[in-house]
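A quick write-up on the structure given underneath.
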Amino acid sequence: MALLSRLIAALRISPEERQAECAERCLEVLCDAERAPAARLGEHEEAVIEATRRRWNTLHPPASKP
Numbered sequence: 047m048a049l050l051s052r053l054i055a056a057l058r059i060s061p062e063e064r065q066a067e068c069a070e071r072c073l074e075v076l077c078d079a080e081r082a083p084a085a086r087l088g089e090h091e092e093a094v095i096e097a098t099r100r101r102w103n104t105l106h107p108p109a110s111k112p
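To convert a position in the sequence shown, counted from 1, into our numbering, add 46.
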């Protein structure tokens, strides 16, 4: 029953509120070393991730907002 209540409540919030909640959860996970051990990446690993992100953005540019 609690799950159903949470799902209904999630449907009632605005997209902006939903995005803010998602961003907050992501930051919590990134700041928690136990939940995100990859947050302690070295410089090489971070460079590889950034290069991959840039390649992805080049191949699949984000949709522009009207």
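All residues carry an ideal CB built from backbone N, CA and C; glycine is no exception.
{"Check": "Rounded to whole angstroms, what's the CA-CA distance from Thr98 to Asp78? Just pull it up for me.", "Outcome": "24 angstroms"}
{"Check": "Please state whether DSSP places Glu96 in a helix, a strand or coil.", "Outcome": "helix"}
{"Check": "DSSP three-state call for Pro107: helix, strand or coil?", "Outcome": "coil"}
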